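> One structure is given below, represented as structure tokens, and several questions about it will come after.
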Amino acid sequence: MTSDSFHTIIEPFRIKSVEPIRFTTRADRAAALERSGYNPFLLRADEVLIDLLTDSGTGAMSKHQWAGMMRGDESYAGADSFYRFEAAVRDITGLQHIIPTHQGRAAERILFTTILKPGDIVPNNTHFDTTRANIEARGAVAVDLPTPEGRQPQVRAPFKGNIDLAALERCLDANRGKVPLVMITVTNNSGGGQPVSLENIRGARDICRKHGVPLFLDCCRYAENAWFIKTREQGMEAKSPIQIARAMFACVDGATMSAKKDGMGNIGGFLALNDPDWTERCKNNLILTEGFTTYGGLAGYDLEALAVGFYEALDEDYLRYRIRSIEYLGDLLTKGGVPIVQPTGGHAVYIDAKAMLPHIPPAQFPAWALACALYLEGGVRGVEIGSVMFGRQPDGTEKPAAMELVRLAFPRRVYTQSHVDYLGEVILRVYAMRGKIRGMRMTHAPEVLRHFTAQFSPVEPDAV
Ligand code: F0G
28 MTSDSFHTII EPFRIKSVEP IRFTTRADRA AALERSGYNP FLLRADEVLI DLLTDSGTGA
88 MSKHQWAGMM RGDESYAGAD SFYRFEAAVR DITGLQHIIP THQGRAAERI LFTTILKPGD
148 IVPNNTHFDT TRANIEARGA VAVDLPTPEG RQPQVRAPFK GNIDLAALER CLDANRGKVP
208 LVMITVTNNS GGGQPVSLEN IRGARDICRK HGVPLFLDCC RYAENAWFIK TREQGMEAKS
268 PIQIARAMFA CVDGATMSAK KDGMGNIGGF LALNDPDWTE RCKNNLILTE GFTTYGGLAG
328 YDLEALAVGF YEALDEDYLR YRIRSIEYLG DLLTKGGVPI VQPTGGHAVY IDAKAMLPHI
388 PPAQFPAWAL ACALYLEGGV RGVEIGSVMF GRQPDGTEKP AAMELVRLAF PRRVYTQSHV
448 DYLGEVILRV YAMRGKIRGM RMTHAPEVLR HFTAQFSPVE PDAV
């Protein structure tokens with residue numbers, strides 16, 4: 028337990044195994060960007076110095092997780108490892124039926140292909156890209172209902188991830204019989220990693236019950252959300268993160284999870300539900316596409332690592348350090364004048380590229396341009412969450428995204444404070460030269476989830 032009498036919050040671990048990172052020159056990075064079509068997803072990882080592309084599957088596992096892996100039971104059916112995984116998920120979520128999957132989007136695909144039909148509507152505080160894409164792939168409609176403050180990067184509020192309850196009520200009233208489920212994403216990843224309050228989840232539960240519609244959590248970052256509830260929601264400070272997580276899950280009928288986040292794993296996920304009929308249909312779908320019900324596309328040793336990781340994510344010392352290290356970078360940037368989504372979220376700092384680069388119109392993808400500049404100047408890889416990711420509409424037209432953000436997502440237990448100090452320096456340097464950053468033109472785009480493989484070139488100065 029960190030002593031309250033000291034100011035410094037330290038990494039609550041020491042390092043047993045290290046992974047070298049490789050320094051490159053600016054010229055190396057310019058060549059790498061050109062070769063990869065100015066798409067950071069297409070860089071080789073060893074060309075990146077500090078990799079903040081995602082917090083998904085990129086964390087360092089603990090010795091307890093590695094020890095757990097050694098007892099992985101690789102039996103095809105009925106492995107011990109599955110029962111330990113199932114017990115952990117059931118203990119934390121209280122949900123009845125636990126279906127392992129190889130990652131979050133597999134849980135989404137299984138759920139949505141099982142229960143959605145064309146024309147159905149699925150509201151969420153904000154759908155993540157894979158969730159939206161899996162819904163749209165069924166011909167259904169993914170509706171985002173964030174609160175008004177959730178759309179304003181600079182506005183400070185404790186729970187900017189909340190779903191707009193009045194809008195949810197209107198949506199359910201207007202679409203009776205067409206909404207098979209409502210979802211809430213904790214924390215709200217596309218909306219700045221912002222938390223959702225317990226009060227808001229309970230409010231959504233009441234509305235859903237009134238309309239007879241099940242409520243699901245997209246619970247990838249349930250532990251980080253629980254920490255924000257503990258530290259920001261009135262009356263919750265004395266509760267432990269696991270008690271709060273249980274209170275969150277007690278409101279819902281099911282959950283999809285990418286265990287690559289708060290499962291502290293490098294791979295894995297689950298679909299958890301209470302409804303026996305949906306469960307049976309989802310299990311059949313799982314067997315057809317992922318694997319038998321007691322491994323769902325994972326090795327026994329993966330299930331073991333996750334059974335341990337789900338609890339480690341809820342450790343108070345870990346969560347205090349985790350949330351503080353993100354906030355620490357946020358403080359450095361805020362002090363330097365860099366516009367970021369305020370307050371800092373759970374797993375990432377989000378730079379507001381629209382505010383930082385007003386000379387680049389949305390059609391020239393300001394956040395994409397900023398992500399490329401951060402790599403070029405400092406070898407830092409982040410991800411655009413803006414009009415490249417979300418601008419293409421299901422009918423093929425373009426509409427600028429609500430926000431143009433660069434997300435710098437922190438792998439769990441990987442980087443130390445000096446890495447973060449370096450990041451601060453890089454970002455402030457890029458901020459100082461922001462007027463010189465040019466927009467991007469998309470030269471090739473695939474149909475679905477285009478940000479992963481699209482190609483770009485910088486807009487020529489005279490074309491601006
Ligand atoms: N839901 C949310 C809120 C997510 O953030 C992600 C993944 C998924 C679902 C899908 O999970 O990757 O295991 O299939 N987010 C990662 C990210 C990729 O970088 O934020 P997955």
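The sequence shown begins at 28 in this note's numbering and counts up one residue at a time.
Note that beta-carbon positions come from the ideal geometry of N, C-alpha and C, so glycine has one too.
All figures in this text were calculated on a predicted structure; none of them were measured in a lab.
1) Given E474, which residues of its chain have a CB within under 8 Å of its CB, disregarding the five upstream and five downstream residues?
2) Report yes or no: do the segment 397–417 and the segment 186–203 share at least 3 C-beta pairs separated by less than 8 Å?
3) For ligand 1, I want to know if F319 counts as a neighbour, meaning its beta carbon is within less than 7 Å of at least one of the ligand's heavy atoms.
4) Around the Cβ of M97, are there at least 16 other Cβ atoms within 10 angstroms (buried) or fewer (exposed)?
5) Contact defined as beta carbons within less than 8 Å: I believe A329 pairs with G292. What is the distance between those atoms, to the nearest angstrom?
6) Around the Cβ of N215, are there at least 16 other Cβ atoms within 10 angstroms (buried) or fewer (exposed)?
7) Out of P180, W254 and I464, which has the shortest C-alpha to C-alpha gap to T361?
8) Would you call the segment 310–325 in contact with the segment 131–141, where contact means no fewer than 3 C-beta pairs closer than 8 Å?
9) Do F297 and I125 count as a contact pair if the criterion is CB distance below 8 Å?
10) Compare the C-alpha of L356 against each of F33, H374, G239 and A340 and name the closest.
11) Can you give me the C-alpha to C-alpha distance between V491 and R53, rounded to a whole angstrom?
12) Let me check one thing: in DSSP terms, what residues is F243 bridge-paired to?
13) Per DSSP, which one or two residues make a beta bridge with G296?
14) Would the beta-carbon of L341 fall within 8 Å of that of A253?
15) Quick check: the Cα distance between Y149 and R41, rounded to an integer number of angstroms?
16) In the DSSP assignment, the beta strand (DSSP E) including F483 goes from what residue to what residue?
17) Of the residues T306, L208, K381 and A114, which one's Cα is nearest the Cα of A231?
18) Kindly list the residues whose CB is nearer than 7 Å to the CB of R117, restricted to its own chain and excluding five residues on each side of it in sequence; keep chain order.
19) Should F155 be counted as a contact of ligand 1 given a C-beta to heavy atom distance under 7 Å?
20) If you draw a straight line from the alpha carbon of I271 to that of A87, how long is it in whole angstroms?
21) What do you get for G405, buried or exposed, if any count of 16 or more other CB atoms within 10 angstroms of its CB means buried?
22) In whole angstroms, what is the alpha-carbon distance linking R62 and R468?
23) Out of Y338, R461 and L455, which one is the CA nearest neighbour of P385?
24) Name, in chain order, the residues that DSSP records as bridge partners for E411.
25) Mind listing, in chain order, the continuous alpha helix (DSSP H) runs of no fewer than 4 residues lying wholly within the segment 364–424?
26) Alpha carbon to alpha carbon, how far is R229 from E113? Give it in angstroms, no decimals.
27) Using the Cα positions of V407 and V168, report the straight-line distance between them to the nearest angstrom.
28) Between N216 and ligand 1, is the CB less than 7 Å from at least one heavy atom?
29) Using the C-alpha atoms, what's the distance from L325 back to V335?
30) Going by alpha carbons, who is nearest to L60 out of Q444, E431 and A396?
31) Buried or exposed for K43, please, with buried defined as at least 16 other CB atoms from any protein chain shown within 10 angstroms of its CB.
32) With a 10 Å radius around its C-beta and 16 neighbouring C-beta atoms as the bar for buried, classify Y103 as buried or exposed.
33) T371: beta carbon under 7 Å from a heavy atom of ligand 1?
34) Heavy atom of ligand 3 less than 7 Å from the Cβ of K187, yes or no?
35) Compare the beta carbon distance of Y458 and G363 with 8 Å and say whether it is the shorter of the two.
Let me lay it out:
1) The count along the sequence shown starts at 1 and reaches residue 474 at position 447. Hits under 8 Å: none found.
2) no
3) By one-based count along the sequence shown, residue 319 stands at place 292. It does not: the Cβ of F319 is nowhere closer than 7 Å to a heavy atom of ligand 1.
4) Stepping through the sequence shown from its first residue, residue 97 is reached at position 70. M97 comes out exposed.
5) Here residue 329 refers to the residue found at position 302 when the sequence shown is read from its first residue. Here residue 292 refers to the residue found at position 265 when the sequence shown is read from its first residue. Correcting the residue type first, residue 329 is Asp in the shown sequence and not Ala. About 7 Å separates the two Cβ atoms, so the contact holds.
6) Working through the sequence shown from its first residue, we reach residue 215 at position 188. It is buried - the Cβ of N215 has at least 16 other Cβ atoms within 10 Å.
7) As a working mapping, residue 361 is identified with position 334 in the sequence shown. Of the listed residues, the one whose Cα sits closest to T361 is P180.
8) yes
9) On the sequence shown, residue 125 is found 98 positions in, with the first residue counted as 1. On the sequence shown, residue 297 is found 270 positions in, with the first residue counted as 1. In this structure, F297 lies closer than 8 Å to I125 by Cβ.
10) One-based indexing of the sequence shown puts residue 356 at position 329. Here the closest residue by C-alpha is H374.
11) Here residue 491 corresponds to residue number 464 of the sequence shown, with the count starting at 1. Here residue 53 corresponds to residue number 26 of the sequence shown, with the count starting at 1. Summary for V491: the model assigns pLDDT 48, below 50, so the residue's position carries little reliability; its value from the coordinates is reported in the next sentence. Approximately 24 Å, taken between the alpha carbons.
12) As a working note, residue 243 is residue 216 in the sequence shown. Partner(s): M210 and G281.
13) Start at 1 with the first residue of the sequence shown, and residue 296 comes out as number 269. Paired residue(s): T128 and S285.
14) Here residue 341 is taken as the residue at index 314 of the sequence shown, counted from 1. Here residue 253 is taken as the residue at index 226 of the sequence shown, counted from 1. Yes; because the gap between Cβ atoms is below 8 Å, this pair is in contact.
15) As a position in the sequence shown, residue 149 is number 122, starting the count at 1. As a position in the sequence shown, residue 41 is number 14, starting the count at 1. As written in the sequence, residue 149 is Val, which differs from the Tyr given in the question. Put simply, the backbone Cα of V149 is about 44 Å away from that of R41.
16) On the sequence shown, position 456 is the one that residue 483 refers to. Note, F483: beta strand (DSSP E), Q482 to P485.
17) Against the sequence shown, residue 231 aligns to sequence position 204. Taking only the C-alpha atoms, the option nearest A231 is L208.
18) Your numbering for residue 117 matches position 90 in the sequence shown. Listed in chain order, the non-local C-beta contacts of R117 below 7 Å within the same chain comprise I125, local neighbours out to five positions each way being set aside.
19) Here residue 155 corresponds to residue number 128 of the sequence shown, with the count starting at 1. The answer is yes for F155.
20) Counting from 1 along the sequence shown, the entry for residue 271 is found at position 244. Counting from 1 along the sequence shown, the entry for residue 87 is found at position 60. Using only the alpha carbons, I get a separation of about 25 Å.
21) The sequence position of residue 405 within the sequence shown is 378, counting from 1. With 16 or more other Cβ atoms within 10 Å, it is buried.
22) Locating residue 62 in the sequence shown gives position 35, where the first residue counts as 1. Locating residue 468 in the sequence shown gives position 441, where the first residue counts as 1. Distance between the alpha carbons of R62 and R468: 16 Å.
23) Taking the sequence shown and counting its residues from 1, one reaches residue 385 at position 358. If we check each option's Cα against that of P385, R461 comes out closest.
24) For the purposes of this step, residue 411 is taken as the residue at position 384 of the sequence shown. Bridge partners of E411: V433.
25) 380–383, 393–405 and 414–417
26) Locating residue 113 in the sequence shown gives position 86, counting from the first residue. Locating residue 229 in the sequence shown gives position 202, counting from the first residue. Looking at the two C-alpha atoms, the distance is approximately 25 Å.
27) Within the sequence shown, the letter at position 380 stands for residue 407. Within the sequence shown, the letter at position 141 stands for residue 168. Roughly 35 Å between the two C-alpha positions.
28) Position 189 of the sequence shown, counted from the first residue, corresponds to residue 216. Yes, the Cβ of N216 comes within 7 Å of a heavy atom of ligand 1.
29) In the sequence shown, the residue the question calls residue 335 occupies position 308. In the sequence shown, the residue the question calls residue 325 occupies position 298. If you take the alpha carbons of V335 and L325, they lie about 15 Å apart.
30) Taking the first residue of the sequence shown as position 1, residue 60 is located at position 33. If we check each option's Cα against that of L60, A396 comes out closest.
31) Here residue 43 refers to the residue found at position 16 when the sequence shown is read from its first residue. With fewer than 16 Cβ atoms within 10 Å of its Cβ, K43 is classed as exposed.
32) Locating residue 103 in the sequence shown gives position 76, counting from the first residue. With fewer than 16 Cβ atoms within 10 Å of its Cβ, Y103 is classed as exposed.
33) Counting from 1 along the sequence shown, the entry for residue 371 is found at position 344. No - ligand 1 has no heavy atom lying nearer than 7 Å to the Cβ of T371.
34) In terms of ligand content, the structure shown lacks ligand 3 and carries ligand 1 instead.
35) As a working note, residue 458 is residue 431 in the sequence shown. As a working note, residue 363 is residue 336 in the sequence shown. Yes, the Cβ-Cβ distance between Y458 and G363 is below 8 Å.
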